[in-house]
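A short write-up of the structure that comes next.
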Amino acid sequence: MIVSLKGRLVDAREDSVVLDVQGIGYEVFVTSSVLQQLPSVGQELYVQTYLQVRDDAFVLYGFSSTEERGLFQTIIGVNGIGPKLGMGILSNIAAREFIQAVQRRDLATLMTLPGIGKKTGERILLELKDKFKDLPWESDGQDEDLPIVSGSVFEDALEALQALGYQAGEAERMVNLAKPHLKDNYNLQELLKVALAQNSQQRGERTWRRNG
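Under the working numbering, the letters of the sequence shown match residues 730 to 941, in that order.
Set out below in structure tokens:
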């Protein structure tokens, strides 16, 4: 499975990019969030990827983060929704808004998305309601982090931190605290290292303020 690509941007099209990775050109169909953050042609681009294996072709889909890819994999797990429709969903609604629509059982919002009629929308609500029901949301409007969804490295980090003895809420806070400090090509080990370091630093600052 090809889970990520880093290469020189050769071409940018309406819904895809071409990356030169060590002399091999890869066409990757990408979400609008990737297109909005594209570097100039000739510059380096890193994308998280999902490989669809079909009888007639191998198709690569690209995402701006592991969380966006995780949400994509959750969406295409719904009966009747394939990768092409999944990409259309993520390119026409923010991940946060999509998950909130499922949480609120907002069929009207889902039906505004291309390719989503009443029956498909109802199927999404039925099959994904348990996936997102326990996801917390910040109420102050300042936290723009995507929620942690199944299939992402962040979920793996949550499980690892809980295995170390942290409570679920504390583990999630640590993961979200680490996100702004991660390098592009991070893995689970790097994420855990940053999360633990940031948590230790924040605790130290709180202790200093109390003693000061």
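In this text, a Cβ means the ideal position worked out from N, Cα and C, and glycines have one as well.
So the beta strand (DSSP E) residue i belongs to, where does it begin and stop?
| i | result |
| --- | --- |
| lysine 735 | 733-741 |
Helix, strand or coil, according to DSSP, for residue i in the structure here?
| i | result |
| --- | --- |
| serine 745 | strand |
| glycine 894 | coil |
| glycine 752 | coil |
| valine 807 | coil |
| threonine 778 | strand |
| leucine 789 | strand |
| valine 770 | coil |
The alpha helix (DSSP H) that contains residue i, what's its start and end?
| i | result |
| --- | --- |
| glutamine 857 | This sequence places leucine at residue 857; glutamine is not what is there. Looking at the DSSP string, the run of the alpha helix (DSSP H) that includes leucine 857 is 847-861. |
| glutamine 802 | 795-804 |
| valine 763 | 761-764 |
| leucine 836 | 836-839 |
| lysine 813 | 812-819 |
| arginine 783 | Taken as a continuous stretch (DSSP letters only), arginine 783 belongs to no alpha helix (DSSP H), as it is neither H nor E. |
| isoleucine 828 | 824-832 |
I'd like to know if residue i contacts chain B, where contact means its C-beta is closer than 9 Å to some C-beta of that chain.
| i | result |
| --- | --- |
| leucine 854 | The structure shown contains no chain B; it holds only a single protein chain. |
For residue i, collect the residues of the same chain with a Cβ closer than 8 Å to its Cβ; drop the 5 residues on either side in sequence, then sort them by chain order.
| i | result |
| --- | --- |
| leucine 887 | Ile877, Ala897, Ala900, Glu901 and Val904 |
| aspartate 885 | Leu917 |
| aspartate 835 | Gln829 |
Using C-beta distances below 7 Å, list every residue in its chain close to residue i, excluding the 5 sequence neighbours before and after it, in chain order.
| i | result |
| --- | --- |
| valine 807 | Arg852, Ile853, Glu856 and Leu857 |
| methionine 730 | Leu780 |
I'd like the list of long-range same chain contacts for residue i, defined as Cβ closer than 6 Å, with 5 residues on each side in sequence excluded.
| i | result |
| --- | --- |
| valine 770 | Leu738 |
| glycine 791 | Val757, Val759, Val763, Val776 and Thr778 |
Since residue i and residue j should fall inside the 8 Å C-beta cutoff, what is the C-beta to C-beta distance between them, to a whole number of angstroms?
| i | j | result |
| --- | --- | --- |
| leucine 842 | isoleucine 822 | 6 Å |
| lysine 847 | methionine 840 | 6 Å |
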